[in-house]
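Peer 1: Quick one: structure below, then a few questions.
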Amino acid sequence: MSSPAKKRKLNNGNNSSPAKGLEYFFSKQRQNGAAATGGGAQGNDGVLANSRGHEGLELSDEELARKLQAEWDREAAESTGENQHETGTIKSEAANAPEQADSKSPEVAASEPQSYKAKTLTLQPAGNADDTVTSSIPLDESPLAFEPAKYVVELQKHWASEGGDASYALLTRCFVLASATNSRIRIVDTMTNCLRVLIEGDPESLLPAVWLATNSISPPYISLELGLGGSAISKALRQVCGLDNRALKAIYDKYGDAGDVAFEAKKKQSFTLRKPKPLTIKGVYQSLVKIANSQGQGSGEVKQRLVDRLLQDARGGEESRFVVRTLCQHLRIGAVKTTMLIALSRAFLLSKPPGADFPLRSVSELSKLRKEELAEIWGRSEEIVKACFARRPNYNDLIPVLLEIGISEELLVRCGLTLHVPLRPMLGSITRDLSEMLTKLQGRDFACEFKYDGQRAQIHCDEKGKVSIFSRHLELMTDKYPDLVELVPKIRGDGVSSFIMEGEVVAVDRNSGELKNFQTLTNRARKDVDIGSIKIDVCMFAFDLMALNGQPLLDRSFRERRELLRSLFIEIPHHFTWVKSMDATSNDSEGVLEFFKAATDIKCEGIMVKILDNLPSLPYTEGQPDEPAERSEKLPAPKPKGRSKAKAKTTGEGEHDETKKSRRKPLLATYEPNKRLDSWLKVKKDYNSTFDTLDLIPVAGWHGQGRKAKWWSPILLAVRNEESGTLEAVCKCMSGFTDAFYKANKEFYDDGSLSGEPKNIKLQKPSFIEYPGRPDVWFEPQEVWEMAFADITISPTYSAAIGLVSEERGLSLRFPRFLRKREDKSIEEASTNEFLAGLWRKQEAKAGASKPNDEEAAEVDDMDDE
C-alpha cells in the first residue's frame, strides 16, 4: 500500500486531470436520470438512474441517499453469510426500503429501527421529546391523595426497556414542579411523592436521587468537588447542540442562567449522529462522581467527555436544564436541606421498599385527622430524622437505615454519633446587650465564657490516637493544623481512650501567650502544612465535650460535660487549655459586666453565656415563639425536659391561638446539635454598642454618580429565607465604603468594562432574588458583609421578612453602613429574614412605638435610597 506521502506525490505528478467539483457529480446524476427514463444506463450510473427515477418522480438528495443506503445495506447483509432466515428478513426489508423512503417523511424514516447495524453514520432524532410516561405523574398532589402503586408498575416496565434503573426524567419532573411554585407545602409534597415512587419502585436509586436533589454528591467533610468551569459546559453545549460562540452568547445574554441556556440550545437541536441513551438517576450521579474523582494529567479531557455525554443523552430541554444546573451546583428548585429531611420523614411514614417489614401509617386514618393532629405526627418523624442527620450528616449512612427500619427510635441509635464523622454544632442566639441577656436568664445559673476571635474546631480522637479536626461547616481541616494533631493524643488523661471535643483555635504568641486576631489566623496555609514550616502558632481553647470513650454526652448538662472536660484532660499552657469562664446568676450583673470588659480588653469578640443545669420547673417568659415543642422528647436516652409538650386547649374563644403563641425556646443545658437556642447566648462588643449589626449578602448594584461614576454605588443587600432558599432584598447601601474598597469591589464584580469579560455577575435577574426594582447589574451571591444601621422600618418597597411582621410589607434598614466583609462566613450563614423580624420586634418592644404608616415607611425608603 502506498504511503500518504507517496499518494500525494503520485497525484501531484501524474494526474493532470482537473479536480471534479460537486457540480460535475450532480450533472452526471441528471444525465443518468435522463438516460434512465429512456431505458438505459448500466453499472453504477444505472443504479443512480433507477434510484432517481420512480414512476416519473424526481427524488430529493436526502431521499436518494436513503434509497442508496438501503440498497448498500442489503448488499452488505447478503455478503455476511448469515443464516437463511435472517438473510431473507433483511432482503425483504431492504427491497421495500425505496418505496418506504418515497412514502414517509425523512424524520420518520430516520427514526425507524433496523434489524442490523450498518457501519455508517446515520441521522438520529436528538431526543427533544420529554418522557411521556413520567411527565404525566401528578407528583405535586397531597401525599395523602397520591398513590405510588398506580404508577410504579408502568414505570418499572418503562425503566426495564431502558436498562432497569429509575430514569432521570422522574427526578426532572420533580424539579420542574418544585421550581414552578413558591408554596413550601407544595414543594415538600412534590419531593415526598417523588421519594415514595423511588422507595417503592427502585430503592437503589433513592440515595443518588437524594444527593442530586440536595445539589451535592458527598457530605462536606469528604472533599469531592466537581471542579468544572463554565468553559467546559459552554464547550459541551456548542458541540452537542451545534451552536457557535455567537449563538450561545446570544442565548445567554437573553436568559442569564446556564440551565436556561441549555434548555433553549437543546430545543434548537434536531438531529444527532448518535442515538441518545436515556439518562438514569444512578447514571447521572455516577458521572458526577467520576468527574469529581478525575485528577492529574488528562483529567480535563475526561471531564469534558463526561459532560458531553450527559448533555448528549439528556432527553428534552428540561433534562438538559437541570443537568447543567447540577453541573453548576445551583439547582434552584426552592428546596433546601431541611426540605429534604422533612420529605424523607414523610415518605418513610407512608411507603416502604419491597420486602421491608417496618410498619407504616395508614393513609386513610391520617386523612381523617385534624390539621393540628396531622402536624404533630409529621413533626415527630421530622424531629427523629433531623436529629439523626444532625448527629451524623451523611445521607450514605441515613438512607440505607431508613430503607431497612423506617422511622423509629432505633434510627437514633443506628445513626448516632461516631468518631471521625462531625456532628453539626450547637449555635447560640444573639442578644442586643448584657441587660437583655440577664433578663432572659433570670433565676438561672449560667456560665460566662470568653468568646475568642478564632476558628471553631471539633476534634475527634480514637483509641489508636488518630485525630480528625473539623470546622463549624463540617469541613475537614486536619491538614491545616498538624501541630494540633501531634498535640491531641498527649492531652488525654488517665482512663481516656477516645473523645469528641469542641473548642476555639486561636492564633497566639507562643512565648507571651498574647492572643492575635482572626485575620492573623487566616494567613496560615490551609492544606498540606509542614509542621516544621509553621510561622503562626495556635492554641486550642476547649469549651465542650460531646463524647467520651465511645459514649455520647449530648444528654448530660453543660455543668457535667464541663467537669469531665476539665478533670480528665491535661492542660498545656499556650498549646491546650480551657476557655476562661465564670459562673454567675442574673443577680451578679456587676460581676458579669466586669468579666465582659475583661474579655474585650484582651481582644476577644465578647462573651458566651450558657445554661449550666436543666431546671424544667422554671418557666421561660422571654424570647420569640419557637417551633413545636417535641424536641426534647425524641432523643434516644431519657433526660430532664426543658419544657412539657405544649398542646393547645380550645375551651374558650381565642384560647387556642393564645396558647400557641406563648410557646418559647427551651432553656436546655444539654447539647443540641444544629439548633440555635437561648440556652447559649452571644454578647459581642459590637452588640453592646448603640447599634445592631446584620450579616447581609450583596446581590446587585447601580452605576455611581459624579466621583463614583466608575464604581458600583449604591449596592443592594439581602437576607436569607431559610424556608424557600431565596434571598430577600432589605436595603441599598452607599455608606462606610472607602475608595480602595470601591475599586476592589468593581474589579471583583466586573461587568466587562475593566477586563473585557464579565466576572461574578449575572446578566439577568436570578429567580431566587426577591426584589421588584431593576439595578444596573446583578451580582453572583457569594459574599457576606457585616452592616450596621440606625433602626428597622416597615417598607412598601423591600420584601425582606414579608409575612412575618406584615402580610403585605417587608422590612428595611434605615441608614445602613458597611462595617467589614465576613470572610469567616459563607452565604449560608448570613442573617435570615426571621432574625431580622426578631430584631424588629425587640426594637418595637423597647421603643413602645406603633408601626409607621404607609407615608412614613415610603419616606424612610426614599431616604435610604439616596
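Numbering (the working numbering), first residue to last: 275 to 1140.
Glycine residues also receive a C-beta, built at the ideal position from the N, C-alpha and C atoms.
The structure presented is a predicted model; accordingly, all values stated were derived computationally and were not measured.
Taking the beta carbon of E1021 as the centre, do at least 16 other beta carbons fall within 10 Å, making it buried, or is it exposed?
Peer 2: Indexing the sequence shown from 1 puts residue 1021 at position 747. With fewer than 16 other Cβ atoms within 10 Å, it is exposed.
Peer 1: Do you know how far the Cα of S1029 is from the Cα of V1051?
Peer 2: Your numbering for residue 1051 matches position 777 in the sequence shown. Your numbering for residue 1029 matches position 755 in the sequence shown. Cα to Cα, V1051 sits roughly 16 Å from S1029.
Peer 1: Along the chain, where does the beta strand (DSSP E) that runs through E1060 open and close?
Peer 2: Walking along the sequence shown from the start, residue 1060 turns up at place 786. DSSP places E1060 in the uninterrupted beta strand (DSSP E) bounded by 1059-1062.
Peer 1: Nearest to G501 by alpha carbon, out of L580, E474, L623, R458?
Peer 2: Translated into positions along the sequence shown, residue 501 becomes position 227. Residue L580 is the option with its Cα nearest to G501.
Peer 1: Just verifying my parser: in three-state terms, what is the DSSP assignment at K1120?
Peer 2: Locating residue 1120 in the sequence shown gives position 846, where the first residue counts as 1. If DSSP states are grouped into helix, strand and coil, K1120 belongs with the helices.
Peer 1: What residue from I1076, S1069, F1089 has the CA that sits closest to A1063's CA?
Peer 2: Sequence index remark: in the sequence shown, residue 1063 carries index 789 (1-based). It is Phe, not Ala, that sits at residue 1063 in the sequence shown. Nearest option by C-alpha distance: F1089.
Peer 1: For L968, count the other beta carbons within 10 Å of its own beta carbon; 16 or more makes it buried, fewer makes it exposed. Which is it?
Peer 2: On the sequence shown, position 694 is the one that residue 968 refers to. Result: buried.
Peer 1: Compare the Cα-Cα distances from T1000 to each of K959, E1108, S1027, L955 and report the closest residue.
Peer 2: By one-based count along the sequence shown, residue 1000 stands at place 726. Comparing Cα-Cα distances from T1000 to each of K959, E1108, S1027, L955, the minimum goes to E1108.
Peer 1: Report yes if the C-beta of Y755 is less than 7 Å from at least one heavy atom of the ligand ZN; otherwise report no.
Peer 2: Of the ligands one can find in the structure shown there are none, so the ligand ZN has no counterpart to examine.
Peer 1: Would you call the segment 734-746 in contact with the segment 659-675, where contact means no fewer than 3 C-beta pairs closer than 8 Å?
Peer 2: no
Peer 1: Between which two residues does the beta strand (DSSP E) holding Q578 run?
Peer 2: Looking up residue 578 in the sequence shown gives position 304. From DSSP, Q578 is part of no beta strand (DSSP E) but of the alpha helix (DSSP H) over 573-587.
Peer 1: Taking all protein chains shown into account, do 16 or more other C-beta atoms lie within 10 angstroms of the C-beta of A323, making it buried, or fewer, making it exposed?
Peer 2: In the sequence shown, counting from the first residue as 1, residue 323 sits at position 49. Note that A323 has pLDDT 43, beneath the 50 cutoff, so the model's placement of it is unreliable and no number is given.
Peer 1: Could you round the C-beta distance between R706 and D966 to whole angstroms and report it? I think they count as a contact, below 8 Å.
Peer 2: Start at 1 with the first residue of the sequence shown, and residue 706 comes out as number 432. Start at 1 with the first residue of the sequence shown, and residue 966 comes out as number 692. Right, their Cβ atoms sit about 7 Å apart.
Peer 1: Which whole runs of the beta strand (DSSP E) in the segment 582-644 are 3 residues long or more, in chain order?
Peer 2: none
Peer 1: Determine whether the beta carbon atoms of K790 and G880 lie at a separation below 8 Å.
Peer 2: Taking the first residue of the sequence shown as position 1, residue 790 is located at position 516. Taking the first residue of the sequence shown as position 1, residue 880 is located at position 606. In this structure, G880 does not lie closer than 8 Å to K790 by Cβ.
Peer 1: For the 8 Å Cβ check, are there 3 or more pairs between the segment 852-865 and the segment 685-704?
Peer 2: no
Peer 1: Comparing alpha-carbon positions, which option in L601, E656, C689, K714 lies nearest L955?
Peer 2: On the sequence shown, residue 955 is found 681 positions in, with the first residue counted as 1. Among L601, E656, C689, K714, the Cα nearest to that of L955 is on K714.
Peer 1: Can you give the Cα-Cα distance for V245 and K1036, rounded to whole angstroms?
Peer 2: Nothing about residue 245 can be reported from this structure: the residues present for the chain run from 275 to 1140 only.
Peer 1: For C468, name the three-state secondary structure that DSSP assigns.
Peer 2: Against the sequence shown, residue 468 aligns to sequence position 194. C468: helix per DSSP, three-state reduction.
Peer 1: Looking at the strands, I want to know which residues DSSP matches up with W852.
Peer 2: Taking the sequence shown and counting its residues from 1, the one referred to as residue 852 is at position 578. Bridge partners of W852: A816.
Peer 1: Going along the chain, which residues of its own chain have a beta-carbon closer than 8 Å to the beta-carbon of L712, five neighbours each way excluded?
Peer 2: Along the sequence shown, one-based indexing puts residue 712 at 438. S860, S863, V866, listed in sequence order.
Peer 1: How about D829 and T944: are their beta carbons less than 8 Å apart?
Peer 2: For the purposes of this step, residue 829 is taken as the residue at position 555 of the sequence shown. For the purposes of this step, residue 944 is taken as the residue at position 670 of the sequence shown. Yes, the pair counts as a contact, with Cβ atoms nearer than the cut-off.
Peer 1: Going by DSSP, which residues form a beta bridge with V450?
Peer 2: Position 176 of the sequence shown, counted from the start, is the residue given in the question as residue 450. Bridge partners of V450: none, in fact.
Peer 1: Given E436, which residues of its chain have a CB within under 7 Å of its CB, disregarding the five upstream and five downstream residues?
Peer 2: For the purposes of this step, residue 436 is taken as residue 162 along the sequence shown, with counting starting at 1. If we look at E436 and ignore the five residues flanking it on each side, its Cβ neighbours are P552.
Peer 1: Give the straight-line distance between the Cα atoms of I525 and A781, rounded to the nearest whole angstrom.
Peer 2: For the purposes of this step, residue 525 is taken as the residue at position 251 of the sequence shown. For the purposes of this step, residue 781 is taken as the residue at position 507 of the sequence shown. Straight-line Cα distance between these residues: approximately 50 Å.
Peer 1: Grab me the residues of K1120's own chain with a C-beta within less than 7 Å of its C-beta, minus the 5 sequence neighbours each way, in chain order.
Peer 2: Here residue 1120 refers to the residue found at position 846 when the sequence shown is read from its first residue. Counting only Cβ-Cβ distances below 7 Å, and skipping sequence neighbours, we find nothing.
Peer 1: Can you name the start and end residues of the beta strand (DSSP E) that T967 belongs to?
Peer 2: Here residue 967 is taken as the residue at index 693 of the sequence shown, counted from 1. Element bounds for T967: 967-977.
Peer 1: Rounded C-beta distance between S1009 and R1091? I'm assuming under 8 Å.
Peer 2: Residue numbering aside, residue 1009 sits at position 735 when the sequence shown is read from its first letter. Residue numbering aside, residue 1091 sits at position 817 when the sequence shown is read from its first letter. About 5 Å; that satisfies the 8 Å criterion.
Peer 1: For the putative contact between E1057 and R1094, defined by C-beta atoms under 8 Å, what is the C-beta separation to the nearest angstrom?
Peer 2: As a working mapping, residue 1057 is identified with position 783 in the sequence shown. As a working mapping, residue 1094 is identified with position 820 in the sequence shown. The Cβ separation is near 11 Å, so there is no contact.
Peer 1: Which partner residues of V535 appear in the DSSP bridge assignment?
Peer 2: As a working note, residue 535 is residue 261 in the sequence shown. V535 pairs with nothing; no bridge assigned.
Peer 1: My output table needs one value for E950: the three-state DSSP class, helix, strand or coil.
Peer 2: Locating residue 950 in the sequence shown gives position 676, where the first residue counts as 1. A small correction: the amino acid at residue 950 is Arg; Glu does not occupy that position in the sequence shown. The answer is strand: DSSP assigns R950 an E or B state.
Peer 1: Can you check which of these residues, T466, Q571, V407, is closest to W433 by C-alpha distance?
Peer 2: The count along the sequence shown starts at 1 and reaches residue 433 at position 159. Considering only alpha carbons, the answer is V407.
Peer 1: Going by beta-carbon coordinates alone, are I461 and T613 separated by less than 8 Å?
Peer 2: Here residue 461 refers to the residue found at position 187 of the sequence shown. Here residue 613 refers to the residue found at position 339 of the sequence shown. For I461 and T613, yes; Cβs fall inside 8 Å.
Peer 1: Quick check on T554: does DSSP put it in helix, strand or coil?
Peer 2: Start at 1 with the first residue of the sequence shown, and residue 554 comes out as number 280. In this structure, T554 counts as strand in the three-state DSSP scheme.
Peer 1: Rounded to the nearest angstrom, how far is the Cβ of S1073 from that of E1044, given a contact under 8 Å?
Peer 2: What you label residue 1073 is simply residue 799 of the sequence shown in a count that begins at 1. What you label residue 1044 is simply residue 770 of the sequence shown in a count that begins at 1. S1073 to E1044, Cβ: 5 Å. Contact.
Peer 1: Roughly how many angstroms separate the alpha carbons of E474 and Q603, rounded to a whole number?
Peer 2: As a working mapping, residue 474 is identified with position 200 in the sequence shown. As a working mapping, residue 603 is identified with position 329 in the sequence shown. Spanning the two alpha carbons is a distance of roughly 28 Å.
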